[in-house]
Amino acid sequence: MQLAILTGFGLAFMAPWLHRWLGRYTPLMMALWPMSIAGWLALQWPVVLAGDPLLLEWAWVPALDISLNFYLDGLAWLFAMLISVVGALVLVYTGEYLKGERDLPRFLVIISAFMTSMLGLVLADNLVTLFVFWELTGITSYLLIGFHHDDPAARKSAQQGLFVTVGGGLALLAGFVMLAQAGDSWSLSVLGQRGEQLIGHELYTPILLCVLLGAFTKSAQFPFHFWLPNAMAAPTPVSAYLHSATMVKAGVYLLARLHPALGDTLLWEMTLSLVGALTMATGALLAIRETHVKKLLAYSTVMALGTLTMLLGIGTRDALVAFVVFLLAHSLYKGALFMVAGILDHATGTRDVTAMGGLRGAMPRTAAVACVAALSLAGLPPLLGFVGKELMLTSLLGALPYSGLVLALAFLGAFLTLAVAAIVALRPFFGPVRDMPVTPHEAPLGLLVGPALLAGLSLLFGLLPGLLDGLVAVTVSGLGVAEPGVHLALWHGLNPTLGLSLVSLVLGSLVFCYWGRVRLALARLEPVMRHGPEWGYERLMAGLVRLAEWQTRWLQNGHVRHYLAMTLLVLMGLVGHALFLRHRFEIDVSVDAYFHEVVVAGLMAASALTACLMRSRLAAVAAVGIMGFCIALTFVLFSAPDLAITQLLVETLTVVLLVLVLFRLPRFTRLSTPVERWRDVIVAGSFGLLMALFMLSVLTADALPRISDYMVANSQPLGHGHNIVNVILVDFRALDTLGEMFVLALAAIGVQAMLRFHSDNDVVSSERTTRGDRPHG
Numbered sequence: 001m002q003l004a005i006l007t008g009f010g011l012a013f014m015a016p017w018l019h020r021w022l023g024r025y026t027p028l029m030m031a032l033w034p035m036s037i038a039g040w041l042a043l044q045w046p047v048v049l050a051g052d053p054l055l056l057e058w059a060w061v062p063a064l065d066i067s068l069n070f071y072l073d074g075l076a077w078l079f080a081m082l083i084s085v086v087g088a089l090v091l092v093y094t095g096e097y098l099k100g101e102r103d104l105p106r107f108l109v110i111i112s113a114f115m116t117s118m119l120g121l122v123l124a125d126n127l128v129t130l131f132v133f134w135e136l137t138g139i140t141s142y143l144l145i146g147f148h149h150d151d152p153a154a155r156k157s158a159q160q161g162l163f164v165t166v167g168g169g170l171a172l173l174a175g176f177v178m179l180a181q182a183g184d185s186w187s188l189s190v191l192g193q194r195g196e197q198l199i200g201h202e203l204y205t206p207i208l209l210c211v212l213l214g215a216f217t218k219s220a221q222f223p224f225h226f227w228l229p230n231a232m233a234a235p236t237p238v239s240a241y242l243h244s245a246t247m248v249k250a251g252v253y254l255l256a257r258l259h260p261a262l263g264d265t266l267l268w269e270m271t272l273s274l275v276g277a278l279t280m281a282t283g284a285l286l287a288i289r290e291t292h293v294k295k296l297l298a299y300s301t302v303m304a305l306g307t308l309t310m311l312l313g314i315g316t317r318d319a320l321v322a323f324v325v326f327l328l329a330h331s332l333y334k335g336a337l338f339m340v341a342g343i344l345d346h347a348t349g350t351r352d353v354t355a356m357g358g359l360r361g362a363m364p365r366t367a368a369v370a371c372v373a374a375l376s377l378a379g380l381p382p383l384l385g386f387v388g389k390e391l392m393l394t395s396l397l398g399a400l401p402y403s404g405l406v407l408a409l410a411f412l413g414a415f416l417t418l419a420v421a422a423i424v425a426l427r428p429f430f431g432p433v434r435d436m437p438v439t440p441h442e443a444p445l446g447l448l449v450g451p452a453l454l455a456g457l458s459l460l461f462g463l464l465p466g467l468l469d470g471l472v473a474v475t476v477s478g479l480g481v482a483e484p485g486v487h488l489a490l491w492h493g494l495n496p497t498l499g500l501s502l503v504s505l506v507l508g509s510l511v512f513c514y515w516g517r518v519r520l521a522l523a524r525l526e527p528v529m530r531h532g533p534e535w536g537y538e539r540l541m542a543g544l545v546r547l548a549e550w551q552t553r554w555l556q557n558g559h560v561r562h563y564l565a566m567t568l569l570v571l572m573g574l575v576g577h578a579l580f581l582r583h584r585f586e587i588d589v590s591v592d593a594y595f596h597e598v599v600v601a602g603l604m605a606a607s608a609l610t611a612c613l614m615r616s617r618l619a620a621v622a623a624v625g626i627m628g629f630c631i632a633l634t635f636v637l638f639s640a641p642d643l644a645i646t647q648l649l650v651e652t653l654t655v656v657l658l659v660l661v662l663f664r665l666p667r668f669t670r671l672s673t674p675v676e677r678w679r680d681v682i683v684a685g686s687f688g689l690l691m692a693l694f695m696l697s698v699l700t701a702d703a704l705p706r707i708s709d710y711m712v713a714n715s716q717p718l719g720h721g722h723n724i725v726n727v728i729l730v731d732f733r734a735l736d737t738l739g740e741m742f743v744l745a746l747a748a749i750g751v752q753a754m755l756r757f758h759s760d761n762d763v764v765s766s767e768r769t770t771r772g773d774r775p776h777g
C-alpha cells in the first residue's frame with residue numbers, strides 16, 4: 001500500500017517527461033498504474049473476504065504517537081477498487097477527449113496526484129494521515145476544476161469549491177484532535193472499537209459537529225451543495241471521476257468509517273438522516289430546472305450523496321446494505337453518464353439537451369450505453385440501480401420515529417431522479433432530428449470503452465446481484481454490523497417497496513412528459529431560489545472582502561507609530577494576563593541598590609525622556625547614545641565585561657549610523673494630534689511599567705524552574721565550552737543569534753541603500769544644475 005501511494009506521486013511527477021516520449025499515448029500508458037493497483041487489490045480479496053484486514057504501520061512522528069498507517073478492510077477495498085478502476089477508464093477516456101490539448105501534461109500531473117491522494121485517503125488508518133490526504137484532494141481538485149485557468153468562470157468555480165471544502169476541513173481538523181483526545185488514539189481502526197467510550201465522552205457533541213461539518217462540505221450536503229454543480233467548469237474527464245468515485249465520495253467515506261465510533265446516537269441519526277433526505281430532494285428539484293446536460297447529472301449526484309448520507313443516518317442493517325449497493329451502483333452509472341455527456345459535447349457541439357434530438361441514428365452505440373446507464377440512474381430493472389433503490393426504500397419503511405418525513409423527501413427525490421434519467425437518455429437520442437452546431441457522428445473507441453464497461457457492469461450486477469453478496473457483507477461488517485448475512489436479489493415479490501417504485505415510475509414519467517411546464521412553474525420560484533445558500537456564500541465572501549479592507553485601513557495604514565502601538569497593546573494583554581491572572585507572581589518593590597547604581601538608572605531614565613522631548617535630531621541621538629552607554633556601564637557594574645564591550649561597540653556604531661542617516665531626512669513635522677500623542681504616552685508608559693513589574697516578578701518568584709541552572713550544568717558536557725555566554729549564543733540559541741545577525745545585516749543593507757539613494761539624487765541634481773535644467777514642482 002505504501003509503495004502504491006509513493007509510485008502514484010512519482011508517476012505524477014514524471015508525467016511531463018512521459019508525454020515528451022510517448023505523446024498522445026501517454027494517458028494509455030499511465031492507465032496501467034491504476035490497473036496494476038486494481039490487480040493488487042484483487043489479489044488481496046481472499047484475505048479481506050476472510051475478515052483479516054491488512055495493516056501497515058510506519059512511524060512518522062513517534063513522539064506524538066502519529067504514524068503513517070494504511071489499513072485495508074472491506075470498506076477501504078471497495079473504495080480503492082472504485083478509485084483504481086474508474087481512474088484507469090478516465091485516463092483512457094482522457095487520451096481521446098483531450099487529444100491535441102496543449103496543457104495535457106499538466107492535466108495528467110494533477111489528475112494522477114488527485115487519484116493518489118484519494119487512494120491515500122481511503123487507505124489511511126491514522127487521523128493525521130487521513131487529514132493530509134483529505135487536504136491534498138482539495139488542492140488537486142481545485143487545480144482540476146480551474147484547469148482552464150483563462151476562463152473567469154472556471155477560476156471562480158475552483159475558488160468556490162476550495163473555500164467551501166477547506167473551511168469544512170478546518171473544522172474537521174479540530175474534530176480529529178478532539179476525537180484523538182477522547183479516544184486516546186489516532187488510529188481509526190482502534191477508535192472504531194471504542195464507540196461506547198467516545199459516545200459517553202463530554203466532547204462527543206463538538207466532535208460530531210466538527211466531523212459532520214467537514215464531511216458535509218466535502219460531499220456537498222445541504223446547504224453546501226451549490227459548489228458541486230459549479231464544478232462542472234472542469235473538463236468532462238474530471239467531472240466523470242469527481243462525481244463517480246473520488247472527491248465528493250470522500251465525505252461519505254469518512255462518515256462510513258466513523259460510523260462504528262460515532263454512530264448509534266439520536267444526534268447522529270437525526271442529523272444525517274434529515275440532512276441527507278433534504279439534500280436528496282433539493283438535488284432532484286434543482287436538476288429538473290436545468291437543461292445543461294452536465295449540470296443535470298451534477299444535481300443528480302447531489303441527490304445520490306444525500307441518499308448515501310441518509311442511509312448512514314438510519315444506520316440499521318438494511319440501511320447499511322442499501323448504502324453499499326447504492327454506492328456501487330451510483331459509481332458505475334454516474335461515471336458512464338458523464339462520459340456520455342462528454343461524447344455528446346464532442347459529437348454535437350452543444351451541451352443543451354433541448355437543442356439535441358434524434359441522435360440514435362448517427363450514434364447508435366452511444367445511445368445504447370446512455371440508455372443502460374440511465375435505466376440504472378432511474379432505478380429500473382434489471383439494473384443494479386433498481387436493487388439499490390429497492391433496498392433504500394425498504395430501509396426507510398418504519399426505520400425511524402420521523403421516517404414519514406424522511407420517506408416523503410426520499411420519494412420526491414426518487415421520482416424526480418427518474419425524470420432526470422429520462423431527460424438525459426431520451427431527449428438527445430429520440431424524437432425529431434435537430435440542427436446542431438456540429439454534424440453528429442459516432443464516438444471513437446477511446447471515448448466509448450469506459451462508459452460501455454461501466455454500463456455493462458451495472459447490467460451484469462443487476463441481473464446477477466448475488467455476485468456482490470460477499471463484497472457487501474464484508475463492507476457492511478466494517479460499518480459495525482456483526483453478522484450482516486447479505487443475500488441480494490433482483491425480485492423480492494409483491495410488497496410495499498415495489499408499490500412505491502411503481503408510483504415513482506408513473507410520477508417520474510409524468511414529470512418527463514410535462515417537463516417544459518414543470519420548468520416554467522419552477523421558474524416562478526426563481527426570486528426565492530436566487531436567495532439560497534449560494535447567495536449567502538456570495539454575501540459572506542463580499543463581507544470578508546469589506547472586513548479585510550476595513551482592517552487594512554485601520555491596522556495597516558502606513559504609520560509605524562500605529563503598528564508599534566498595536567503591537568505593544570497586544571503584548572501587554574498577553575503578558576499581563578499571564579503575569580497577573582495565570583501565575584499570580586508576587587512582586588517585591590523594595591529597593592536594595594548602591595548610590596552609584598541609582599545614579600546610573602536615573603541617568604538612563606533622564607536620557608530616555610530627553611530623547612522623546614528634543615526637537616533636534618542631534619540632541620535626540622545624543623540622548624539615545626547616553627542611554628546605551630549607561631546600559632554598558634550597568635553590565636560592568638554587574639560583572640559582565642563581555643556584554644559591556646558588545647554594548648559599547650553596537651551603541652557606537654548605532655549612533656554613527658543614526659547621525660549619517662537622520663541628517664539626510666526632512667525636518668521634524670507634526671503628523672499627529674495632541675490626543676494621539678497623549679495616547680502614545682499612555683501606551684509607552686504602561687508598557688514600560690508592565691516590563692518593570694515583569695522583571696521584578698522574575699527576580700523574586702520561583703514558580704518555574706530556572707533556565708540558567710540548565711545552561712550552567714550543560715555548557716561543558718553539551719557545548720564543550722567553559723564560557724557559558726558564548727555557548728548560549730553559539731549552541732543553545734544558535735538560531736536566535738543567526739536571526740539577530742540577519743536583522744543587523746538587513747538593517748545595514750537598508751542604510752547603505754538610503755545613502756546611495758540620496759547620493760544618486762545629489763549627482764542628478766548637480767548634473768541638472770550644470771546643464772541649466774530646473775526641477776519641476
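Numbering (UniProt numbering), first residue to last: 1 to 777. Every residue gets a Cβ at the ideal spot worked out from N, C-alpha and C, and that includes glycine. All values derive from a computational prediction rather than experimental measurement.
Determine the direct distance from the alpha carbon of leucine 416 to that of leucine 242, and round the result to whole angstroms.
-> Distance from the CA atom of leucine 242 to the CA atom of leucine 416, rounded to whole angstroms, is 23 Å.
By Cβ distance, which residues of its chain are closer than 7 Å to leucine 212, with the 5 residues on each side in sequence left out?
-> Closer than 7 Å at the Cβ level, and outside the excluded window around leucine 212, lie Thr271.
With DSSP collapsed to three states, give me the class of asparagine 557.
-> Looking at asparagine 557 - three-state DSSP - the assignment turns out to be coil, as it is neither helix nor strand.
Given a cut-off of 8 Å, decide if glycine 138 and leucine 173 are closer than it, judged by their beta-carbon atoms.
-> No, these two residues do not count as a Cβ contact at 8 Å.
In this structure, does DSSP put residue 817 in helix, strand or coil?
-> Outside the shown range of the chain (1 to 777) lies residue 817, about which nothing can therefore be said.
Looking only at DSSP bridge pairs, what is asparagine 126 linked to?
-> In the DSSP output, where bridge partners are listed per residue, asparagine 126 has Ser187.
Would a C-beta distance cut-off of 8 Å place threonine 291 and valine 248 closer than the cut-off?
-> Not closer than 8 Å, so no.
Please classify valine 764: does DSSP put it in a helix, a strand, or coil?
-> Annotation note: pLDDT 48 at valine 764 (below 50); position unreliable, no value reported.
In this structure, what does DSSP give as the bridge partners for isoleucine 314?
-> Isoleucine 314 is not bridged to any residue.
Cα separation between leucine 464 and tryptophan 21?
-> Going from the Cα of leucine 464 to the Cα of tryptophan 21 covers about 44 Å.
To which residues of the same chain is proline 533 closer than 8 Å at the C-beta, ignoring the five residues directly before and after it?
-> Contacts found: Phe222, Pro223, Phe224, His225, Phe226.
Would you give the residue range spanned by the alpha helix (DSSP H) that leucine 581 belongs to?
-> Per DSSP, leucine 581 is not a residue of any alpha helix (DSSP H), being assigned neither H nor E.
Determine the DSSP secondary structure at tryptophan 60, reduced to helix, strand or coil.
-> Note: tryptophan 60 maps to strand in three-state DSSP.
Using beta-carbon positions only, say whether alanine 215 and leucine 198 come within less than 8 Å of one another.
-> With respect to leucine 198, alanine 215 sits apart: the two C-beta atoms are not nearer than 8 Å.
DSSP three-state assignment for arginine 774, whether helix, strand or coil | Since pLDDT at arginine 774 reaches only 42, below the 50 mark, its modelled position is unreliable, and no value is offered.
For aspartate 352, write down the residues that DSSP places opposite it in a beta bridge.
-> Aspartate 352 has His292 as its beta-bridge partners, per DSSP.
C-beta contact flag for phenylalanine 147 and proline 206 at 8 Å | Taking a C-beta distance under 8 Å as the contact criterion, phenylalanine 147 and proline 206 do not qualify as a contact pair.
Could you say if the stretch 449–461 and the stretch 405–412 meet the contact criterion of at least three C-beta pairs nearer than 8 Å?
-> In this structure the stretch 449–461 does not lie against the stretch 405–412, because fewer than three pairs of beta carbons, one per stretch, are closer than 8 Å.
Local conformation of leucine 447 per DSSP, three classes | Under the three-state reduction of DSSP, leucine 447 is assigned to helix.
Under three-state DSSP, which class holds leucine 494?
-> It is coil, neither helix nor strand.
Between leucine 579 and valine 725, what straight-line distance do the alpha-carbon atoms span, to the nearest angstrom?
-> Separation of leucine 579 and valine 725 (C-alpha to C-alpha, rounded to the nearest whole angstrom) is 28 Å.
In the structure shown, what three-state DSSP assignment does leucine 55 receive?
-> The answer is strand: DSSP assigns leucine 55 an E or B state.
Kindly indicate the opening and closing residues of the alpha helix (DSSP H) around valine 659.
-> Element bounds for valine 659: 641–662.
Segment limits, alpha helix (DSSP H) that includes proline 364 = Residues 364–378.
Should alanine 374 and alanine 421 be called a contact, given that it needs their Cβ atoms to be closer than 8 Å?
-> A contact, by the Cβ cut-off of 8 Å.
Report the residue ranges of all alpha helix (DSSP H) runs contained in full by the stretch 223–291; include only those spanning at least 4 residues, in chain order.
-> With a minimum length of 4 residues, the continuous alpha helix (DSSP H) runs that stay inside the stretch 223–291 are 227–230, 236–244, 247–257, 259–262, 266–289.
Output the boundary residues of the alpha helix (DSSP H) element that contains valine 725.
-> According to the DSSP assignment, valine 725 belongs to the alpha helix (DSSP H) that extends over 724–727.
Whether serine 189 touches tyrosine 25 by CB criterion (8 Å) = When the beta-carbon positions are compared, serine 189 and tyrosine 25 stay at least 8 Å from each other.
Which whole-angstrom value is the C-beta distance of tryptophan 58 and isoleucine 66, which I expect to be below 8 Å?
-> In fact, because the Cβ distance is near 11 Å, the residues do not count as touching under 8 Å.
Verify whether the separation of the beta carbon atoms of leucine 191 and leucine 179 is less than 8 Å.
-> Result yes, Cβ atoms of leucine 191 and leucine 179 sit closer than 8 Å.
Just checking my contact of valine 324 with valine 472 at CB under 8 Å: how many whole Å lie between their CB atoms?
-> Valine 324 to valine 472, Cβ: 5 Å. Contact.
Less than 8 Å between the CB atoms is what I'm expecting for aspartate 150 and asparagine 69, so what's the real figure, rounded?
-> Between aspartate 150 and asparagine 69 a beta carbon distance of about 42 Å is seen, past the 8 Å cut, so the two are scored as non-contacting.
What residue range is occupied by the uninterrupted alpha helix (DSSP H) comprising serine 672?
-> Looking at the DSSP string, serine 672 is not in any alpha helix (DSSP H), and its letter there is neither H nor E.
Considering only C-alpha positions, which residue in the set Leu55, Arg194, Met363, Leu383 is nearest to valine 372?
-> Comparing alpha carbon positions, the residue from Leu55, Arg194, Met363, Leu383 closest to valine 372 is Leu383.
Please name the residue, chosen from Met356, Phe629, Phe687, Trp535, that lies closest to methionine 572 on a Cα-to-Cα basis.
-> The candidate whose alpha carbon is nearest that of methionine 572 is Phe687.
Near arginine 289, which residues of its chain fall below 7 Å by C-beta distance, leaving aside the five closest residues on each side in sequence?
-> Excluding positions up to five away in sequence, the list reads Arg519, Leu522.
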